[in-house]
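First up is the structure itself, then whatever we jot down about it.
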Amino acid sequence: MPADALAFLMPRAVQYGVPVGRCVMVGMTLAALWRATPVQAAPVMAAHRAVYDLTLVAVSGGDVVTAEGRLTFVLSDMCSAWSTQQQLRLRTVDREGTETVSDSDYAVLEEKDGSSLVFRADQTENGHPAPRIAGEAHMRPTGGQVHYTDPVAHDVTLPMGTLFPVAHTAAVIQAGQDGQGPIAPFLFDGTVDTGALGTYVLFLGHDAPPVATTFPALAPLAAQRVHVAYYNTTTRDMTPVFETGMRYFSNGVADRVDMDFGQFRMSGTLREFRLLPVPDHCPLPGGARGHGGVSPAHPPA
2 MPADALAFLM PRAVQYGVPV GRCVMVGMTL AALWRATPVQ AAPVMAAHRA
52 VYDLTLVAVS GGDVVTAEGR LTFVLSDMCS AWSTQQQLRL RTVDREGTET
102 VSDSDYAVLE EKDGSSLVFR ADQTENGHPA PRIAGEAHMR PTGGQVHYTD
152 PVAHDVTLPM GTLFPVAHTA AVIQAGQDGQ GPIAPFLFDG TVDTGALGTY
202 VLFLGHDAPP VATTFPALAP LAAQRVHVAY YNTTTRDMTP VFETGMRYFS
252 NGVADRVDMD FGQFRMSGTL REFRLLPVPD HCPLPGGARG HGGVSPAHPP
302 A
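Those letters in the sequence shown? Residues 2 to 302, per the numbering used here, in order.
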């Protein structure tokens, strides 16, 4: 599951002044660190569906006293692209007993060669919709550009080396497998309307197989424990506005999630998991086709 996206992440900024998703960017020091420690070939990612139960584990001076939620993440293999869909429901109660229910719905189509990303992010709070974020991003070796269609049509430049969500997750896993130190790749996932985010990734430990897990399909795989902080590119503030931790298996599946919103922190436990079918009749390299072929489509409106 894309960290970013994770992924586990909720794709929009809601109340409490914290992004319910990844929102942030890192400064020149972290960008230089990423260029100094390039990631090698990406691991093989697994198409899968995962459902996480979210529970409150800590509060730190804010108004939130209880919180619970559920995150559903689906990564589908569309031959030349990855289709990612993520739904989050988060319920919080403040000190005065006011209940807030936030629903986030996020969908992207990411070309596997890193060339483009079509994205859409919707959110409602107590049934009231926030402005949609949607558009399309394109990357080249020298950098990229985002064309937003919502909430307002505008273009934003992306720094050279910016990764899309699945590629970002693959880069984190590969760097951990290679024994690298901290990395700081730029990320664009379409969850904010200001362009790229900054990430700073710490590697906390490696679990060799067999790994203790309730899901037999994951037990034979190595796992990597990581912590990711997200920063806003449009400010000089080096304090992360959102942080997350997870245990990634080598195929991109995460079974543990920790999300720090500043005023409260939530833990996610993998409750449901299944691998999804892999296409066996995709277009072959060079334009030839197999037994059928699957044409990627835009994320659902």
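Yeah, the Cβ is synthetic: ideal placement off N, Cα and C, and Gly gets one too. It should be emphasised that the depicted structure is a prediction, and the values quoted were computed from it without experimental measurement.
Pair within 8 Å by beta-carbon distance, residue i and residue j
i, j, result
"R266", "A59", "yes"
"S251", "L276", "no"
"R121", "R133", "yes"
"H49", "F216", "no"
"A230", "Y201", "yes"
For residue i, the three-state DSSP class (helix, strand or coil)
i, result
"T245", "strand"
"T240", "coil"
"A172", "helix"
"V258", "strand"
"Q264", "coil"
"Q178", "helix"
"G28", "Note that G28 has pLDDT 30, beneath the 50 cutoff, so the model's placement of it is unreliable and no number is given."
"V52", "strand"
"V94", "strand"
C-alpha gap between residue i and residue j, whole angstroms
i, j, result
"S268", "D104", "18 Å"
"H207", "P186", "21 Å"
"C283", "D261", "40 Å"
"L72", "D106", "10 Å"
"T158", "A213", "43 Å"
"A47", "L76", "8 Å"
"Q146", "G98", "44 Å"
"Y232", "D256", "24 Å"
"D78", "L271", "21 Å"
Selection from the options that minimises the alpha carbon distance to residue i
i, options, result
"L205", "A224, L271, D190 and P211", "A224"
"A154", "D194, L55, A108 and Q264", "D194"
"V102", "V109, V157 and T125", "T125"
"Q181", "F189, V227 and E112", "V227"
"D156", "V52, L203 and G196", "G196"
Original post:
Quick one: any contact between the region 51-67 and the region 77-85, if contact means 3 or more CB pairs under 8 Å?
Top reply: no
Original post:
Below 8 Å, can you find three or more Cβ-Cβ pairs linking the region 158-175 to the region 92-103?
Top reply: no
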